[in-house]
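These notes are about the structure you will find just below.
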Amino acid sequence: SVRICGDYKLTINQAAHIESYPLPKIEDLLSALAGGVAFTKLDLAQAYLQLPLSDSSKQYVTVNTHKGLFEFNRVPFGITSAPAIFQRCMDTLFQGSNGVIVYIDDILVTGKTIEEHLQNLEVVLSKLSEVGLKLKQQKCIFLAPEVEYLGYTITKEGIKPSASKVQAIQEAKTPTCLTELRAFLGMLNYYAKFLPNLSTLLAPLYKLLQKRTAWQWNTAQQNAFKQAKELLQQNSLLIHFDDSKPIILACDASPYGIGAVLSHKMSDGSERPISFASRSLTSAEKRYSQLDKEALAIVFGVKKFHSYIYGRKFVICSDHKPLSYLFNETKPVPVMASARLQRWALTLSTYQYSIKYKPGHELANADALSRLPRPVTTFSDHLPGELIQLINYLVPAPVTAGQIERETEKDPILGQVKRYVSMGQFPNTDDQRLQPYIRRFQELSLMHGCLLWGSRLIVPPSSRKLLLDYLHDTHDGSSRMKGLARGYMWWPGMDSDIENIVKHCEICQKVQAKPASAPPHCWNWPSQPWTRLHLDFAGPFLGHMYLVVVDACTKWIDVSMMSSITADSTIDKLYNIFASFGLPRTIVSDNGPTFTSEKFKKFCKENGIKHITSAPYHPQTNGLAERAVQTFKRSIVKIQGNSIQNRIQKFLFRYRITPHPVTNISPFEFLFNRKPRCQLDLMIPDVSIQVEKNQEAMVQKKKKQVCSFAIGDAVYVRDFSAKNTEWLPGKMEKSFVNMLII
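Just so you know, our numbering puts the end of the sequence shown at 1383, numbered straight through with nothing missing.
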């Protein structure tokens, strides 16, 4: 038959209002077919041409033919809004009808029994007759056990790819350019829900789509092309989504991609897939730790199948056991978890799920790679004790600006970057090692031979290990190490390097804190430093007791070693602290006998200090002090030093100069309103050195000589007190040291 279409892309389509009514998602339509035993497919004859146009609109759809100008009386093909308008009309017509799905002019009718099917079909035909819509009999199929619909084969057992579409993909020729490759991937991705681990399989093909990648069709690409066709030929059957059956979401990650499988648990205990989903990892995501990749796979699966699982209970299955604790639906996320994991946990909190660990061999559909355990070699059993002790007490030498300058010049990559920054222009290059610097080119600068990104020094590879060891000298966590490092230095992948050094630190793993069992009590944040102090005793610990004082505003911590914890000793230590920082307005402590004694009450009253005690048997109400005690204990255990006092000083210094995650500023800088000087400052080029050089150069340029005189020399002098402008003759009688002679 002949179908007349107008070319309206430069006329009415640019001027007419675009109808915003959404077309239904195919997944939503197919999920409504669960339980159907037979299917009827109805096709409307010439779809849009059955919708009449208003008289005022006819003039705008005039077409010019060889027999003259003609106006359409009905909606023609070629109007941008026609599909949305037609879909809205069909949805309105069949609103409330059971067992009916409609995609524009394709109608599918089903029922859980033949009788129900016939009733639903009668309702559909009656409504079509009432509004005068006609069907194309040649394309209609009635009460069939299997029908082709929207590129899928629909049966009562489930759905599978259409045989004709699969044949077209099987007969596709090997791509010879990017356009042909994109066309092939587009056809294949339409059936991605049937193909497990598709992103991992197609990784060599997707690599050709990356920018600045030359077209090279090698063995890896040909194998991926062939295996993708074979995978589609397996003709996987996906069951219909059924709201009454338990839902399982299995997720897994590989070095190249992430995958998820949505399944139903059947009455016999087996799991039948509803849909597969996968995608390749971006270049940034490929650098994630395996924990983060596995977590990303869960978040991807939840978002991909949102329309199936939102508002319903479902089970997440992962072969990465730590995630069953991190994302546990009944426990809070550990406070030491990375910001990325905390953000993803917040996303998952909107769903009703439970998470379950399953070994990799039980996640065959989602598992993209076999996971072979790597042997771990330990050296502690083979080293003499004296050598171990020597390593413990090595103190890393600070990295100076001179070292950074020399190592930057020696490094082949940073040497190039330095020259390009000097020239003010980067050349066009595909070198991936230069890309991080090219992206930041406008923010790079040179200072005394050192490269800077903003105010942060770019550290050459040869110096990074030493600086990482310095940052982890007190065994802080990755968040605190990043906070300190970001104020001084940068290099590509610095955050990952910091996370890895913490992750592989044996000492840190042994004293890892347990996740918080309940959210901490929230106090009002004081507006000024040293307004409210939280006190607690730590110990007996390493043979001593300690008084721990923390400022609620700046998070400043003070630790005093105590010979006893009597009221007199405690008051004496507090007087020493207050002599440096002044008196606070409020002190918060527990209900220990020291703090509830009459002497301590009198001390607070005489100094105008309000004393608040925490709830009995609930130390969480003084959570700030409890947290400070935990931080102090864990750090002291990890820090190596000659004495307890030396380790305390080392801990306090590093803690006070490191930005706190709550305030984003170091306690020292917050309290004293100036940035503290530490060993990292030795890396930063000293401006005063250049100033002195400039001054020396200026003196040499003017060639001024300093006059020297001996006793008895004839000189001329001027007496400024007598307001005399003349120089008078005189004789040198006595010399004074360090006098300025003009």
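Even for Gly, the Cβ is constructed at its ideal location relative to N, Cα and C.
If you reduce the DSSP assignment to three classes, tell me which class residue i lands in.
i            : result
residue 1281 : coil
residue 715  : strand
residue 1306 : coil
residue 705  : strand
residue 649  : coil
residue 958  : strand
residue 847  : helix
residue 1014 : Low confidence applies to residue 1014: its pLDDT is 26, below 50, so where it sits in the model is not reliable, and the reading given next is rough at best. DSSP places residue 1014 in coil when its eight states are reduced to three.
residue 670  : helix
residue 664  : coil
residue 854  : coil
residue 1322 : helix
residue 1021 : At residue 1021, the pLDDT of 39 sits below 50, so the modelled position is not reliable and the matter cannot be decided from this model.
residue 925  : coil
residue 1270 : helix
residue 888  : strand
Could you spell out where the beta strand (DSSP E) holding residue i opens and where it closes?
i            : result
residue 901  : 898–906
residue 790  : 787–790
residue 1218 : Run containing residue 1218: none in the beta strand (DSSP E); it sits in the alpha helix (DSSP H), 1208–1222.
residue 993  : 993–998
residue 985  : Not the beta strand (DSSP E): residue 985 falls in the alpha helix (DSSP H), residues 980–989.
residue 749  : 747–752
residue 1181 : 1173–1182
residue 1199 : 1198–1203
residue 1358 : 1355–1358
residue 1252 : 1251–1254
residue 680  : 679–684
Spatial neighbours of residue i within its chain, please: C-beta separation below 8 Å, excluding the five flanking residues on both sides.
i            : result
residue 1218 : 1190, 1199, 1201
residue 983  : 974
residue 724  : 664, 745
residue 829  : 810, 836, 839, 843, 869, 873
residue 1194 : 1166, 1167, 1168, 1169, 1170, 1171, 1172, 1173, 1311
If you compare alpha carbons, which of the options is closest to residue i?
i            : options                : result
residue 846  : 866, 1268, 836         : 866
residue 1048 : 1075, 1070, 926, 1090  : 1090
residue 1146 : 1114, 1132, 1134, 1136 : 1114
residue 1356 : 1245, 1055, 1373, 1349 : 1373
residue 681  : 780, 718, 894, 1278    : 780
residue 1188 : 770, 1235, 746, 1148   : 1235
residue 997  : 977, 967, 980          : 967
residue 710  : 726, 719, 700          : 700
residue 1066 : 1057, 1074, 1072, 735  : 1057
residue 1142 : 718, 1221, 1131, 1105  : 1105
residue 898  : 885, 938, 862, 930     : 938
residue 1454 : 1285, 1307, 1284       : A question about residue 1454 goes unanswered here, because the residues of the chain that appear run from 642 up to 1383.
residue 796  : 677, 1210, 766         : 677
residue 977  : 1149, 1280, 696        : 1149
residue 1322 : 1334, 1273, 1126       : 1126
residue 1186 : 1175, 1192, 1205       : 1205
Which same chain residues end up closer than 6 Å to residue i when comparing Cβ atoms and leaving out the 5 residues on each side of it in sequence?
i            : result
residue 713  : 702
residue 731  : 743
residue 1015 : For residue 1015, the pLDDT reaches just 28, beneath the cut-off of 50, and the residue's location in the model is therefore unreliable, although a value from the coordinates is still provided. No residues qualify anywhere along the chain.
residue 1096 : none
residue 887  : 906
residue 717  : 647, 702
residue 1103 : 1048
Identify, in the order they occur along the chain, each residue of the same chain with its Cβ nearer than 7 Å to the Cβ of residue i, setting aside the five sequence neighbours on each side.
i            : result
residue 744  : 665, 670, 791
residue 854  : 848
residue 882  : 672, 675, 915, 949
residue 650  : none
residue 1303 : 1196
residue 1215 : none
Note the first and the last residue of the continuous alpha helix (DSSP H) segment covering residue i.
i            : result
residue 1245 : 1239–1247
residue 727  : 723–734
residue 1146 : Where residue 1146 is concerned, there is no enclosing alpha helix (DSSP H), given that its DSSP letter is neither H nor E.
residue 638  : Residue 638 is absent from the structure shown; the chain starts at 642 and stops at 1383.
residue 840  : 839–842
residue 1112 : 1102–1112
Practice task
Please determine if the segment 1075–1084 and the segment 1048–1067 are in contact, where contact requires at least 3 C-beta pairs separated by less than 8 Å.
Solution key: yes
Handout entry: Stretch-stretch touch, CB-based, cutoff 8 Å, three pairs: the segment 949–961 with the segment 918–926
Key = With the cut-off at 8 Å, the segment 949–961 and the segment 918–926 do not touch.
Problem - Any 3 or more C-beta pairs closer than 8 Å across the segment 932–950 and the segment 657–675 - result: yes
Problem - Contact the segment 1097–1111 vs the segment 1287–1300: 3+ CB pairs below 8 Å - result: no
Practice task
Tell me, please, whether the segment 1165–1172 touches the segment 1224–1240 by the rule of three or more beta-carbon pairs shorter than 8 Å.
Solution key: yes
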